[in-house]
């Protein structure tokens with residue numbers, strides 16, 4: 004709207020741009036600066052295929068982030084700047100890594116595992132009252148779930164890849180007999 008009102012030559016159109024319907028443009032501006040429309044026939048909807056484990060875990064992470072934010076609001080006045088930084092780090096990284104899982108990015112589990120370990124280390128720096136127990140419990144549960152998924156639950160997992168490597172290396176049905 005700013006560009007259209009700047010580019011038009013008629014003073015009445017300069018004012019009319021601000022009060023007309025949203026798609027209206029001055030005639031001289033429409034001719035000089037046409038708007039290119041996207042070709043919707045080639046549009047592909049972004050819809051990653053996500054397994055049920057990732058959906059549930061990421062959703063629970065979002066629920067935890069929202070709930071933990073509410074707990075922080077109740078104790079906001081009692082927390083120091085270091086505590087607020089730690090809590091902000093935990094909430095932000097939890098929500099970002101949950102969004103990685105919603106995009107079917109398997110590295111989200113590795114990031115979440117690293118975040119959980121880092122939170123367990125950083126928690127000794129602050130005095131978070133009862134929030135400390137909540138963070139420790141959440142970090143332990145996240146570490147267990149992420150470790151399980153990384154090791155066993157997916158084709159990108161370490162156990163599956165090592166089993167595939169063994170299977171490709173042996174042509175015989177009984178590799179022990181070689």
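In my numbering, the protein residues as written are 4 to 181.
Think of the CB as a built atom: it goes at the ideal place given N, C-alpha and C, for glycine as much as any other residue.
Continuous alpha helix (DSSP H) stretch holding residue i: start and end
{"i": "residue 16", "result": "14 to 22"}
{"i": "residue 30", "result": "30 to 35"}
{"i": "residue 27", "result": "Note, residue 27: premise wrong, no alpha helix (DSSP H); not H, not E."}
{"i": "residue 56", "result": "55 to 77"}
Of the listed residues the options, nearest to residue i (C-alpha basis)
{"i": "residue 91", "options": "75, 100, 104", "result": "75"}
{"i": "residue 118", "options": "79, 98, 85", "result": "98"}
{"i": "residue 128", "options": "146, 95, 84", "result": "84"}
Cβ-heavy atom distance, residue i to the ligand SAM, below 7 Å
{"i": "residue 57", "result": "As far as ligands go, the structure on display features none, and thus does not contain the ligand SAM."}
Span separating the alpha-carbon of residue i from that of residue j
{"i": "residue 77", "j": "residue 100", "result": "25 Å"}
{"i": "residue 57", "j": "residue 133", "result": "29 Å"}
{"i": "residue 109", "j": "residue 139", "result": "24 Å"}
{"i": "residue 174", "j": "residue 155", "result": "Any reading at residue 174 must be qualified, since the residue scores a pLDDT of 47, below 50, and its modelled position is unreliable; the value itself is stated next. Cα to Cα, the separation comes out at about 24 Å."}
{"i": "residue 8", "j": "residue 34", "result": "14 Å"}
{"i": "residue 79", "j": "residue 126", "result": "17 Å"}
{"i": "residue 55", "j": "residue 45", "result": "30 Å"}
Residue i and residue j closer than 8 Å at C-beta
{"i": "residue 185", "j": "residue 104", "result": "Residue 185 falls outside the range modelled here, since the chain spans only 4 to 181, and no answer is possible."}
{"i": "residue 27", "j": "residue 4", "result": "no"}
{"i": "residue 94", "j": "residue 111", "result": "no"}
{"i": "residue 11", "j": "residue 31", "result": "yes"}
{"i": "residue 51", "j": "residue 130", "result": "no"}
{"i": "residue 60", "j": "residue 137", "result": "no"}
{"i": "residue 123", "j": "residue 145", "result": "no"}
{"i": "residue 16", "j": "residue 29", "result": "yes"}
Q) Quick one: complete alpha helix (DSSP H) runs, 4+ long, within the region 102 to 150? A) 110 to 125
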